[in-house]
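*Asks:*
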Amino acid sequence: MAKIELLFWSGCPSHPEALELLRRVLRERGIAAEVDLREVRTDEEAAELRFPGSPTIRVEGRDVDPDGAGAPARLACRIYRLPDGRVSPVPSREQLEEALR
Amino acid sequence: MSLTLADPAPSFTLPGTDGTEHSLEDYAPSDVLVLVQSCNHCPYVLAWEARMNAIQRDYADHGVRLVAVSSNDASRYPEDSFERMKERARDEGFAFDYLYDEEQTLARALGSERTPEVFVFDRDRRLRYHGAIDDNRDETAVTRHYLREALDAVLEGLDPPVAETPPVGCTVKWR
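Taken in order, these protein sequences are the chains called A and B.
Heads up: the first sequence runs through residues 1 to 101, numbered per the working numbering.
Heads up: the second sequence runs through residues 1001 to 1175, numbered per the working numbering.
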């Protein structure tokens, strides 16, 4: 069973959408996974967890957006890029699918 | 607590990324003033920013001024510093004024909570619409253009069809 971690900060409204997309992709691909939801509440927790923004999704410890994983840890909404270049507050379906291969 | 409908626009004098000071009185010639709580670092702002630019361009000849204001604490969010605001306004070719509310006084007076969050004031500078720009951050999925609908109504002396919507975006980063 795949181990997936979704870290979020409640000050950003995007994590329910990210969780819904993640669960949809898992369901469509028939992947059994345990999704561990973890709220990041303080700057100290963000630093400890290397949390570059909300939401952050890690599959078996690997960030679904490796390019953004190394950004400074902080309580903020995370910026993702869709395949067409547009900005999004949640990872793209393609990023999730790639991470789950 | 946010302004409520019909409340007057709060007074302000703030520096803009264009290098000049801007006050509420400076916008007096405009029939409608749109204040948008904004910033540099928020993905929701980035997703809506092009629409803000398009609205200013589309309504400029109708007496509408859109003014974006960033009040975020730049000590914790360096992308929201005044210098970075200037860079963004220049690089993105903003058609609207972009003001720096370093002391957060305008954000507090408006009662802003999110970025982006829109406040539309009529000729008498009374609040007529408050909330989101439209109903979807994905431009291709928008079904209701709340801000454009409000502008069209107010310019015709009518009430906006929808006067309040919940703003969707990042929280204002208070000091």
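Virtual Cβ for every residue (Gly too), placed ideally from N, Cα, C.
1. Assign B:P1161 to one of three DSSP states: helix, strand, or coil.
2. Looking at the secondary structure, which residues open and close the alpha helix (DSSP H) in which B:P1078 lies?
3. According to the neighbour-count rule (16 or more other Cβ atoms, all chains shown, within 10 Å of its Cβ), is A:H15 buried or exposed?
4. In the DSSP assignment, find the unbroken beta strand (DSSP E) run with A:D36 in it and report its ends.
5. Can you tell me whether B:P1161 is buried or exposed? The criterion is at least 16 other CB atoms within 10 Å of its CB, across all chains shown.
6. Apart from the five residues just before and just after A:L37, which ones in its own chain have a Cβ nearer than 6 Å to its Cβ?
7. State the Cα-Cα distance for the pair B:V1120 and A:A99, rounded to the nearest angstrom.
8. Beta-carbon of B:L1046 versus every beta-carbon of chain A: anything under 8 Å?
9. Apart from the five residues just before and just after B:T1115, which ones in its own chain have a Cβ nearer than 6 Å to its Cβ?
10. Provide the residue(s) that pair with A:R57 in DSSP beta bridges, ordered along the chain.
11. Which residues share a DSSP beta bridge with B:G1169?
12. Contact criterion: CB-CB distance below 8 Å. Does A:A76 meet it with respect to chain B?
13. CB-CB under 6 Å to A:Q95, same chain, minus the five flanking residues each way: which ones, in chain order?
14. Buried or exposed for B:T1017, please, with buried defined as at least 16 other CB atoms from any protein chain shown within 10 angstroms of its CB.
15. Just to confirm my understanding: we take B:R1051, look at its own chain, exclude 5 residues before and 5 after, and list those with CB closer than 8 Å. What are they?
16. Helix or strand or just coil, what does DSSP make of B:A1095?
17. 8 Å is my cut-off, CB to CB: does A:V87 come that close to chain B?
18. Give the DSSP-derived three-state secondary structure of B:Q1037 in the structure shown.
19. Determine, using beta carbons only, whether A:G11 and A:L82 come nearer to each other than 8 Å.
20. Quick one: is A:A47 buried, meaning 16 or more other Cβ sit within 10 Å of its Cβ, or exposed?
21. Indicate whether at least one CB of chain B lies closer than 8 Å to the CB of A:G68.
22. Quick check on B:F1119: does DSSP put it in helix, strand or coil?
23. Please list the terminal residues of the continuous beta strand (DSSP E) segment that includes A:E94.
24. Have a look at B:R1126 and B:F1096 and give me their C-alpha separation to the nearest angstrom.
25. In chain order, what residues of the same chain have a beta carbon less than 7 Å from the beta carbon of B:A1153, not counting five sequence neighbours either side?
26. Going by DSSP in three states, B:V1154 sits in which element: helix, strand or coil?
*Replies:* Per the coordinate set shown:
1. Here residue 1161 of chain B corresponds to residue number 161 of the second sequence, with the count starting at 1. In the structure shown, B:P1161 sits in coil (DSSP, three-state: anything other than H, G, I, E or B).
2. Your numbering for residue 1078 of chain B matches position 78 in the second sequence. Careful: B:P1078 lies outside any alpha helix (DSSP H) and carries neither H nor E.
3. Mapped onto the first sequence, residue 15 of chain A falls at position 15. With 16 or more other Cβ atoms within 10 Å, it is buried.
4. Within the first sequence, residue 36 of chain A is the residue found at index 36, counting from 1. It spans A33 to E39 - the beta strand (DSSP E) in which A:D36 sits, taken as one unbroken run.
5. Residue numbering aside, residue 1161 of chain B sits at position 161 when the second sequence is read from its first letter. B:P1161 is exposed by the Cβ-count criterion.
6. By 1-based counting over the first sequence, the position of residue 37 of chain A is 37. Correct list, in chain order: L6.
7. Here the question's residue 1120 of chain B lines up with position 120 in the second sequence. Here the question's residue 99 of chain A lines up with position 99 in the first sequence. Spanning the two alpha carbons is a distance of roughly 43 Å.
8. Locating residue 1046 of chain B in the second sequence gives position 46, where the first residue counts as 1. Closer than 8 Å to some Cβ of chain A, the Cβ of B:L1046 qualifies, so yes.
9. Counting from 1 along the second sequence, the entry for residue 1115 of chain B is found at position 115. Q1037, S1038, C1039, C1042, V1045, G1169 and C1170, listed in sequence order.
10. For the purposes of this step, residue 57 of chain A is taken as the residue at position 57 of the first sequence. For clarity, residue 57 of chain A is Ile in the given sequence; the question names Arg instead. DSSP, once it has assigned bridges, lists A:L6 as partnering A:I57.
11. Stepping through the second sequence from its first residue, residue 1169 of chain B is reached at position 169. Answer is none; B:G1169 lacks a bridge partner.
12. Numbered from its first residue, the first sequence carries residue 76 of chain A at position 76. For A:A76, the answer is yes, since a Cβ of chain B falls inside 8 Å of its Cβ.
13. Start at 1 with the first residue of the first sequence, and residue 95 of chain A comes out as number 95. Here the set comprises V64 and D65.
14. If you number the second sequence from 1, residue 1017 of chain B lands on position 17. Buried, since its Cβ has 16 or more Cβ neighbours within 10 Å.
15. To locate residue 1051 of chain B, count along the second sequence from 1; it is residue 51. Only I1133, D1134 and E1139 meet the Cβ criterion.
16. Here residue 1095 of chain B refers to the residue found at position 95 of the second sequence. Three-state DSSP puts B:A1095 in coil, outside helix and strand.
17. Position 87 of the first sequence holds residue 87 of chain A. Yes, A:V87 counts as interfacial toward chain B.
18. One-based indexing of the second sequence puts residue 1037 of chain B at position 37. Looking at B:Q1037 - three-state DSSP - the assignment turns out to be strand.
19. As a working note, residue 11 of chain A is residue 11 in the first sequence. As a working note, residue 82 of chain A is residue 82 in the first sequence. No, the Cβ-Cβ distance between A:G11 and A:L82 is not below 8 Å.
20. Along the first sequence, read from residue 1 onward, the residue named residue 47 of chain A stands at position 47. By the neighbour-count rule (16 or more Cβ atoms within 10 Å), A:A47 is not buried but exposed.
21. Translated into positions along the first sequence, residue 68 of chain A becomes position 68. So, not an interface residue.
22. Stepping through the second sequence from its first residue, residue 1119 of chain B is reached at position 119. Looking at B:F1119 - three-state DSSP - the assignment turns out to be strand.
23. Counted from its first residue, the first sequence places residue 94 of chain A at position 94. Not the beta strand (DSSP E): A:E94 falls in the alpha helix (DSSP H), residues R93 to A99.
24. Counted from its first residue, the second sequence places residue 1126 of chain B at position 126. Counted from its first residue, the second sequence places residue 1096 of chain B at position 96. Taking the straight line joining both Cα atoms gives about 21 Å.
25. Along the second sequence, read from residue 1 onward, the residue named residue 1153 of chain B stands at position 153. Answer for B:A1153: D1159, P1160 and P1161, listed in chain order.
26. As a working note, residue 1154 of chain B is residue 154 in the second sequence. Of the three classes helix, strand and coil, the one that applies to B:V1154 here is helix, per DSSP.
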